[in-house]
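Reading the sequence shown from the start, the letters are residues 373 to 609 in the working numbering. Where a beta carbon is used, it is the ideal one built from N, C-alpha and C, also for glycine. Quantities reported herein were computed from a predicted structural model and do not represent experimental measurements. Notes for the one structure printed next.
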Amino acid sequence: MAIFPYAPPLYSPNGPRRQQPGNLYHSAANRRQLDELLANDDFKRIAGFSSAAFAAWAPKLYMYYEDHLDRLLDHDPSLRRNFPNSIWGAAAFNFGPRTVTRRHRDCANLPFGWCGVTSLGDFDPKQGGHLVLWTLKLVIEFPPGSTILLPSAVIPHSNTPISRREQRASFTQYTAGGLFRWVDQGFQLQTEYMAGLTEEQREEDSRAMEERCRLGLSLFSTPESLPADQTLLNARV
Numbered sequence: 373m374a375i376f377p378y379a380p381p382l383y384s385p386n387g388p389r390r391q392q393p394g395n396l397y398h399s400a401a402n403r404r405q406l407d408e409l410l411a412n413d414d415f416k417r418i419a420g421f422s423s424a425a426f427a428a429w430a431p432k433l434y435m436y437y438e439d440h441l442d443r444l445l446d447h448d449p450s451l452r453r454n455f456p457n458s459i460w461g462a463a464a465f466n467f468g469p470r471t472v473t474r475r476h477r478d479c480a481n482l483p484f485g486w487c488g489v490t491s492l493g494d495f496d497p498k499q500g501g502h503l504v505l506w507t508l509k510l511v512i513e514f515p516p517g518s519t520i521l522l523p524s525a526v527i528p529h530s531n532t533p534i535s536r537r538e539q540r541a542s543f544t545q546y547t548a549g550g551l552f553r554w555v556d557q558g559f560q561l562q563t564e565y566m567a568g569l570t571e572e573q574r575e576e577d578s579r580a581m582e583e584r585c586r587l588g589l590s591l592f593s594t595p596e597s598l599p600a601d602q603t604l605l606n607a608r609v
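Put into structure tokens, the structure is as follows:
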């Protein structure tokens, strides 16, 4: 069961194309269940911990998320934040009973963005439930109660299966790339945004798009830059 409080423009996983971000509709029964989950103190703590870990290990990227989410919410107060202590715009609850994912990439997410995945349940993490990062050729133990941050849009990933007698669930937070584009384009569709540009501005915008990969990489921290990057984030508090 997933929550997309800010579905990106022109994308909706369970319905017609959207023209602007909005709170995803849920049936009354699902809405009640989701409201209970969002109000649950344990999930609030998990959501906050994942965001704090994001801020600790990728401060500049965290600020990029923070800036865009704040601008989005200021522009449209009707949008609902899942958790008051979370930097992400969407959350997914995967109830199990034996939740594992096949090899995939989350292509709708921000390409250089990170998502936070928390493993839950009762299983032996040495025997199953591992996180597999295919291009990095890594198989990582992923015990219940642990959280991993990863750029899920660009790295193919999956889980190893668990025993039929075991249980596994997961909780994931992420933000769609379309939301960042919506904010950067002045809260309008790309067609409207481009129509309002001069020829010179269009060329400048095209060059900026070509540099987008470098921008994303520049927001990653290295062990050497991390202390200074954390200082930048702390100065904003």
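- One alpha carbon belongs to Ser-450, the other to Pro-528, and they sit about 34 Å apart.
- Boundaries of the beta strand (DSSP E) around Gln-539: 539-546.
- Following the DSSP letters along the chain, one finds Ile-520 in no alpha helix (DSSP H) but inside the beta strand (DSSP E) bounded by residues 519-522.
- Relative to the Cα of Cys-487, the nearest Cα in the group Arg-404, Leu-409 and Ser-422 belongs to Ser-422.
- Considering only Thr-547, Ala-400 and Gly-500, the residue with the shortest C-alpha distance to Ala-541 is Gly-500.
- Residue pairing of Thr-490 in beta bridges, as defined by DSSP: Thr-519 and Phe-543.
- For the pair Thr-471 and Gln-539, the Cα-to-Cα distance works out to about 8 Å.
- When DSSP states are grouped into helix, strand and coil, Ser-590 belongs to the helix group.
- The stretch 403-421 and the stretch 436-448 do not touch, with fewer than three beta-carbon pairs separated by less than 8 Å.
- In the three-state reduction of the DSSP assignment, Ser-530 falls in the strand class, which pools E and B.
- Asn-481 and Leu-551 have their C-alpha atoms some 9 Å from each other.
- A buried status is given to Pro-393, since no fewer than 16 other beta-carbon atoms sit within 10 Å of its beta-carbon.
- For Ile-512, the uninterrupted beta strand (DSSP E) run begins and ends at 510-512, by DSSP.
- Going by DSSP, Val-555 is part of the alpha helix (DSSP H) stretching over 549-556.
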